[in-house]
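**Q** One structure follows; several queries about it will come next.
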Amino acid sequence: MSKADLTALAAQLEEYLGDPHDAGSRMSFTRVLDHDEHEEYPYAFVSQLRRWGVHEYSLPAEQGGRAGNVETGFNLMRLVGRRDATTATALVITNLSFMPLWIAGSDEQKRSAVEDMKRGGGLSWGLSERDHGSDLLANEMVAEKTDGGYLLTGEKWLIGNATVADTMVVFARTGKRNGPAAYSIFIVDKRQIPAITAEELPVEKLHGLRALDLSGLRLKGAFVPDSARVGAEGQGLEIALKSTQLARTVISSLAMSAVDTGLRLTLDFTEGRVLLGTAVSDVPYSRRQLTEAFADLMVADAVSLGAVRSLQAAPEQLSVWSSVVKYLLPTLLEKTMSQLNMVLGARFFLRDHPHYGPYQKMLRDLLVANIADGNTVVNLRNLGQQLDGLLASAGEAAPAVREAAAERAATLFGMDRELPVYEPWKQELFSRGQDDAMLAAPDGLSRLRALAEEAKGTERDRLLRAADEAEELLDRVGPLTDRAAELKAELGREYAQSAELFELSKEYCLLHATAACVLTYVHSHGVLDDPLPSGALLLLQIERLRRHLYPHESVTDPSVIDEVMRVLRHLHRENRLFSHWQFPLAERVADLTAARL
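Numbering (this note's numbering), first residue to last: 2 to 598.
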């Protein structure tokens with residue numbers, strides 16, 4: 002789907018849903034908060050979005066869906082999530098639960114599931130268990146072979162949609178001996194098994210996403226036919242791990258949506274609130290906080306742009322891209338919301354206020370992005386296991402390897418570039434040292450300096466400064482490699498599970514994000530809408546990443562902040578998504594007087 006087509010589709014969804022501040026719109030903040038307060042699953046929201054067809058953009062076109070690009074469904078879900086993360090999560094869970102089928106299911110299994118979902122059926126993904134969490138090889142649900150099928154016994158817990166969905170895709174043990182080949186995946190249609198063999202577990206009370214169905218399922222000798230097995234017996238772990246790669250990549254949409262709404266609500270206040278004759282937005286400290294929050298969100302946008310597109314353009318590298326985005330974005334954006342809290346003041350604490358209640362809800366809901374489908378520890382461990390190869394490749398790759406990576410990076414970060422068809426079975430569990438963002442970074446810096454030479458005045462200076470600061474960060478690959486070698490020699494076998502390795506992985510994520518910001522600028526600058534691209538914004542993005550390593554050093558001055566504020570104000574006043582995509586949002590028809598009180 003072209004950029005123009007995606008923008009038009011996003012605009013249609015926004016128009017359909019309406020202004021969330023308008024109590025009469027299809028998905029208003031008033032109704033969202035009511036569902037949250039009473040912990041009532043948002044059936045009406047989910048139903049009307051299914052009627053519109055949002056979920057179909059995440060289902061394969063070959064079997065009746067509309068998915069050409071994963072990017073389409075990802076961005077549509079951002080627009081749902083900016084209103085209600087609970088509804089977005091409920092829809093995302095259904096789509097992600099389909100992933101094992103998309104990866105390894107038969108054509109008949111896929112078609113049947115897609116048809117059921119188009120008729121309003123839901124799916125859940127029965128992966129985790131109460132006593133084992135992320136330790137999949139300790140899972141205890143058993144699938145015992147019997148004539149014509151399997152008998153499933155065990156419990157799945159903390160499963161999204163487990164109660165409201167008729168069908169659960171289940172990860173269960175089929176092997177006698179524990180190990181990677183001991184597990185398989187099955188489709189359990191609760192409508193087709195005896196009632197006595199299945200029991201839904203109570204819905205859990207949650208800190209955020211209070212209206213979500215997060216529950217579980219207990220099975221006791223539930224029969225499923227051989228045709229319900231997905232893929233080959235013993236292939237379950239591989240399918241499950243590949244499925245989580247997509248989940249980790251797209252879950253970032255919830256975090257970005259929360260901060261988009263949080264920043265928008267804060268601007269509603271600061272633009273209209275006057276203190277001592279000055280709008281709060283124009284108070285230097287507040288202006289700095291607002292622009293830094295915007296820069297953080299645009300860092301996340303750039304990182305997710307490459308990660309989501311890597312699903313189709315570089316599936317063999319997804320183990321790296323998905324873990325970077327899943328660790329970095331929630332961690333970064335939680336801090337961003339905390340920064341906005343300081344600007345909004347006491348209002349962020351109000352649950353019932355017609356304008357700031359949504360902010361308070363987003364503050365809670367944002368946290369789910371950190372723990373769902375692999376938490377911080379899981380993702381940093383995954384990166385740590387591959388770090389030696391990634392650092393070696395980033396520092397010593399042959400010119401031909403970098404040239405090929407630079408060519409792919411033009412697709413990964415070029416918003417107008419056509420993507421190949423999504424083929425999830427091509428995903429790999431290890432990247433073999435390849436990370437096109439890092440490998441293409443030198444080419445990106447060269448292109449950035451060339452664009453700077455074509456610019457004039459302060460824009461030229463800011464782009465050159467951004468290139469210099471980005472290069473300084475990216476040059477840390479060498480010292481990072483040396484530290485890793487020293488720690489390995491010092492710690493021996495303990496290195497693989499050490500806290501020090503986790504810290505190295507965190508720093509690698511910052512370098513990947515730096516490369517993503519540069520590559521997004523150089524490969525998408527020509528298709529961005531006014532007021533982007535902005536050298537000031539890019540420089541502030543680099544500073545925000547640099548601050549993780551040098552917390553008290555600035556590379557921007559007040560003029561840069563003023564220019565970024567101009568960009569932010571333009572997007573806010575023109576009512577566009579805070580993103581490189583800049584999707585037009587639903588016309589604001591509600592009175593914003595409450596935002597100034």
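The beta carbon of each residue, even a glycine, is placed where N, CA and C say it ideally should be.
1) Which residue spans inside the stretch 447–515 form an unbroken alpha helix (DSSP H) run of at least 4?
2) With H, G and I counted as helix, E and B as strand and the rest as coil, what does DSSP make of Ala441?
3) According to the neighbour-count rule (16 or more other Cβ atoms, all chains shown, within 10 Å of its Cβ), is Gly66 buried or exposed?
4) Taking its Cβ as the centre, do 16 or more other Cβ atoms sit within 10 Å of Val344, making it buried, or is it exposed?
5) Is Val284 near Leu220, with beta carbons less than 9 Å apart?
6) Considering Arg174, what are the terminal residues of the beta strand (DSSP E) in which it resides?
7) Is it the case that the Cβ atoms of Ala199 and Met363 are separated by a distance below 9 Å?
8) Could you tell me whether the Cβ atoms of Ala468 and Ala490 are closer together than 9 Å?
9) What runs of the beta strand (DSSP E), each 3 residues or longer, lie entirely inside the stretch 378–424?
10) Taking all protein chains shown into account, do 16 or more other C-beta atoms lie within 10 angstroms of the C-beta of Pro480, making it buried, or fewer, making it exposed?
11) In terms of alpha-carbon separation, which member of Ala229, Gln387 and Ile372 lies closest to Leu505?
12) Indicate the three-state DSSP secondary structure (helix, strand or coil) for Arg79 in the structure shown.
13) Rounded to a whole number of angstroms, what is the C-alpha to C-alpha distance between Lys119 and Glu460?
14) Could you tell me the alpha carbon to alpha carbon distance between Gly19 and Ser29, rounded to whole angstroms?
15) Alpha carbon to alpha carbon, how far is Tyr151 from Arg348? Give it in angstroms, no decimals.
16) If we count the other Cβ atoms within 10 Å of its Cβ and call it buried at 16 or more, is Val422 buried or exposed?
17) Jot down the residue ranges of each uninterrupted alpha helix (DSSP H) in the stretch 62–108, minimum 4 residues, whole runs only, in chain order.
18) Along the chain, where does the beta strand (DSSP E) containing Trp126 start, and where does it finish?
19) Is it the case that the Cβ atoms of Ala212 and Thr95 are separated by a distance below 9 Å?
20) I want to know whether the stretch 54–65 touches the stretch 73–80 - three or more CB-CB distances under 8 Å.
21) Taking Glu554 as part of the alpha helix (DSSP H), name the residues at either end of that continuous run.
22) Just to confirm before moving on: does the CB-CB distance between Ala166 and Gly122 stay below 9 Å?
23) For my contact list, Ala514 and Leu329 are in at a C-beta cut-off of 8 Å; report their separation, rounded to the angstrom.
24) Below 6 Å CB to CB, which residues in the same chain sit around Ala256 once its five sequence neighbours on both sides are set aside?
25) Going along the chain, which residues of its own chain have a beta-carbon closer than 7 Å to the beta-carbon of Val47, five neighbours each way excluded?
26) According to the Cβ coordinates, are Leu137 and Leu128 closer than 9 Å?
27) His356: which of Pro21, Glu16, Ala11 and Thr8 sits nearest, CA to CA?
28) Nearest CA to the CA of Leu14: which residue from Asp23, Arg27, Met2 and Ser3?
29) Can you confirm whether the stretch 272–291 touches the stretch 540–551 when touching is taken to mean that 3 or more C-beta pairs between the two stretches lie within less than 8 Å?
30) Just grab the DSSP bridge partners of Arg219 for me.
31) Select from Leu341, Gln361 and Leu159 the residue whose C-alpha is nearest the C-alpha of Tyr286.
32) Less than 9 Å between the C-beta atoms of Ile186 and Gln246, yes or no?
33) Let me see if you follow: with CB-CB separation under 9 Å, is Glu508 close to chain C or not?
34) Report the partner residues of Ala280 according to the DSSP bridge assignment.
35) Can you say whether Tyr44 is buried or exposed, counting buried as having 16 or more other CB atoms within 10 angstroms of its CB?
36) Counting only runs that start and end within the stretch 284–366, where is the alpha helix (DSSP H) found for 4 or more residues in a row?
**A** On the basis of the coordinates in this document:
1) Runs found: 458–475 and 478–492.
2) Ala441: coil per DSSP, three-state reduction.
3) Burial call: buried.
4) The C-beta of Val344 has 16 or more other C-beta atoms within 10 Å across all chains shown, which makes the residue buried.
5) No; because the gap between Cβ atoms is not below 9 Å, this pair is not in contact.
6) Arg174 -> beta strand (DSSP E) spans Thr168 to Arg174.
7) No. Outside cutoff.
8) Result no, Cβ atoms of Ala468 and Ala490 do not sit closer than 9 Å.
9) The stretch 378–424 contains no whole beta strand (DSSP E) run of 3 or more residues.
10) Classification of Pro480: exposed, given that the 10 Å Cβ count is below 16.
11) Of Ala229, Gln387 and Ile372, the residue nearest in Cα terms is Gln387.
12) Three-state DSSP puts Arg79 in a helix.
13) Going from the Cα of Lys119 to the Cα of Glu460 covers about 49 Å.
14) Gly19 and Ser29: Cα-Cα distance of roughly 8 Å.
15) Approximately 55 Å between the Cα atoms of the pair.
16) It is exposed - the Cβ of Val422 has fewer than 16 other Cβ atoms within 10 Å.
17) List check, alpha helix (DSSP H) in window: 71–82, 86–98 and 100–105.
18) Where Trp126 is concerned, the enclosing beta strand (DSSP E) stretches over Leu124 to Gly127.
19) It is not a contact, given that the beta carbons lie outside the stated cut-off.
20) Counting Cβ pairs under 8 Å, three or more are found: they touch.
21) Looking at the DSSP string, Glu554 is not in any alpha helix (DSSP H), and its letter there is neither H nor E.
22) Contact flag set, yes.
23) Contact between Ala514 and Leu329 holds: CB atoms are separated by about 6 Å, below the 8 Å threshold.
24) Within the same chain, Ala256 has close Cβ partners Leu330, Pro331, Leu334, Leu367 and Ala370.
25) When the five nearest sequence neighbours on each side are left out, the beta carbons in the same chain lying within less than 7 Å of the beta carbon of Val47 are those of Thr88, Ala91 and Leu92, in order along the chain.
26) In contact: Leu137 and Leu128 (Cβ atoms closer than 9 Å).
27) Distances from the alpha-carbon of His356 to those of Pro21, Glu16, Ala11 and Thr8 put Pro21 closest.
28) The shortest Cα separation from Leu14 among Asp23, Arg27, Met2 and Ser3 belongs to Arg27.
29) With a cut-off of 8 Å on Cβ pairs, the stretch 540–551 is not in contact with the stretch 272–291, counting fewer than three such pairs.
30) Paired residue(s): Glu156 and Glu200.
31) Considering only alpha carbons, the answer is Leu341.
32) For Ile186 and Gln246, no; Cβs fall outside 9 Å.
33) Reference to chain C is not applicable here, since this structure consists of a single protein chain.
34) Within the DSSP secondary-structure output, Ala280 pairs in a beta bridge with Val275.
35) So Tyr44 counts as exposed.
36) Contiguous alpha helix (DSSP H) elements confined to the stretch 284–366 occur at 285–314, 319–345 and 358–366, taking only those with 4 or more residues.
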